[in-house]
Amino acid sequence: MPELPEVETVRRGLSDLIGKEILSVELNRADLRFPFPEDMDSIAGRKILNVDRRAKYLLIRLENDLTWLAHLGMTGRFGKTLEGKHDHVVIDFVDGTRLVYTDPRRFGIMDLIHGDDEHKLLNHLGPEPLGSEWNESLLHESIRGRNVSIKAALLDQKIVVGIGNIYASEILFRAGVSPKRLAKNISKKMAERIYNETQNVLLAAIEAGGSTLRDGQFKNTDGNLGYFPHEFAVYDREGENCTSVECSNLIRRVIQSGRSTFYCSHCQR
Ligand SMILES: [Zn+2]
Numbered sequence: 000m001p002e003l004p005e006v007e008t009v010r011r012g013l014s015d016l017i018g019k020e021i022l023s024v025e026l027n028r029a030d031l032r033f034p035f036p037e038d039m040d041s042i043a044g045r046k047i048l049n050v051d052r053r054a055k056y057l058l059i060r061l062e063n064d065l066t067w068l069a070h071l072g073m074t075g076r077f078g079k080t081l082e083g084k085h086d087h088v089v090i091d092f093v094d095g096t097r098l099v100y101t102d103p104r105r106f107g108i109m110d111l112i113h114g115d116d117e118h119k120l121l122n123h124l125g126p127e128p129l130g131s132e133w134n135e136s137l138l139h140e141s142i143r144g145r146n147v148s149i150k151a152a153l154l155d156q157k158i159v160v161g162i163g164n165i166y167a168s169e170i171l172f173r174a175g176v177s178p179k180r181l182a183k184n185i186s187k188k189m190a191e192r193i194y195n196e197t198q199n200v201l202l203a204a205i206e207a208g209g210s211t212l213r214d215g216q217f218k219n220t221d222g223n224l225g226y227f228p229h230e231f232a233v234y235d236r237e238g239e240n241c242t243s244v245e246c247s248n249l250i251r252r253v254i255q256s257g258r259s260t261f262y263c264s265h266c267q268r
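In numbering that gives the first Met the number 0, the protein residues as written are 0 to 268.
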């Protein structure tokens, strides 16, 4: 499942499309996670003005007040050429280039937003972790009294958007906070460390993801979005030595809300 850095990497790749005029759109099936909007072909004839992102939604701004919303689901990706039977949306541009949306598991979402209309998927989202509207005080405030683990709180899209299972483990490791600690027991100091490490981890991941774009693709060579496993300090490292200097502990894995969390019980309290 792509998290914010991967979607931001895709957004940066798609910004190559700014200024291009859409010639035609071909839908190879009726739906992804939801049916395509009935007027999906109304994107044809419009130029792409900008490519924005809100949480994990890509917002492709088109001429005449239309926004094309796209979510990559679990396995969605954009490419420049046809790949095979999982190519569900094919966009041809007036300049002869092409954009292909491929999604084997079809959990992706596409919709259109007219003018300044609110969209039900965007209405209830919390603050952007890298935006100026979020900070350590707001984080501390939003988890005060919450009787859930800090790991679950970081995954709650009303508290902060775009952080998923991988980066939540990484952030809490670098902040030195146990993923099992209840949100209501997070001190102001801990909230500050979590906030700071959220910035560090997400920005480093975006930076790493950007290197895949230089290959001229919106995905890495494995066909996946740009995760860089060698850079993970704890994620997927169960039983390996903790990467902190002077720590001889092994990384543990626990299941929280049905999903794996990786952490060091010595370094994280
Ligand atoms: Zn450790």
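A virtual CB, placed ideally from N, CA and C, is assigned to each residue, including glycine.
Exercise. Taking all protein chains shown into account, do 16 or more other C-beta atoms lie within 10 angstroms of the C-beta of Thr80, making it buried, or fewer, making it exposed?
Worked result: It counts as exposed.
Problem set entry | Expected contact under 8 Å - CB spacing of Ala43 and Leu57 to nearest Å | The pair is not a contact, with the Cβ atoms about 19 Å apart (cut-off 8 Å).
For this session: Please confirm whether Lys190 and Glu2 have their CB atoms less than 9 Å apart.
Result: First, the residue type needs correcting, since residue 190 is Ala and not Lys in the sequence shown. Taking C-beta atoms as the reference points, Ala190 and Glu2 fail to come closer than 9 Å.
Exercise. Taking buried to mean at least 16 other C-beta atoms within 10 Å of its own C-beta, is His123 buried or exposed?
Worked result: Per the 10 Å Cβ criterion, exposed.
Problem set entry | Complete runs of the alpha helix (DSSP H) confined to the segment 103-189 [at least 4 residues] | If we require 4 residues or more, the alpha helix (DSSP H) runs fully inside the segment 103-189 come out as 135-142, 149-154 and 164-174.
For this session: With hydrogens ignored, establish whether the beta-carbon of Ser131 is closer than 8 Å to any heavy atom of ligand 1.
Result: Flag unset: Cβ of Ser131 not near ligand 1.
Problem set entry | Closer than 8 Å: Asn248 CB and nearest ligand 1 heavy atom | When distances are taken from the beta-carbon of Asn248 to the heavy atoms of ligand 1, the shortest one is below 8 Å.
Exercise. Considering Val9, what are the terminal residues of the beta strand (DSSP E) in which it resides?
Worked result: The continuous stretches of beta strand (DSSP E) do not include Val9, which lies in the alpha helix (DSSP H) extending over residues Leu3 to Leu13.
Problem set entry | Own chain residues within Cβ distance below 6 Å of Arg252, not counting five before or after | Residues Glu237, Ser259 and Phe261 of the same chain have their beta carbon placed closer than 6 Å to that of Arg252, with the five preceding and five following residues left out of the count.
Problem set entry | heavy atom of ligand 1 below 8 Å from Ser243 C-beta | Indeed, a heavy atom of ligand 1 lies less than 8 Å from the Cβ.
Exercise. Which residues does DSSP pair with Glu20 in a beta bridge?
Worked result: Beta-bridge annotation (DSSP): Glu20 is paired with Lys46.
Exercise. Do you know whose CA, among Asp40, Arg53 and Ile21, lies nearest Gly161's CA?
Worked result: With distances taken between Cα atoms, Gly161 lies closest to Arg53.
Exercise. Beta carbon of His265: closer than 8 Å to some heavy atom of ligand 1?
Worked result: Taking non-hydrogen atoms of ligand 1 into account, the C-beta of His265 is found less than 8 Å away from one of them.
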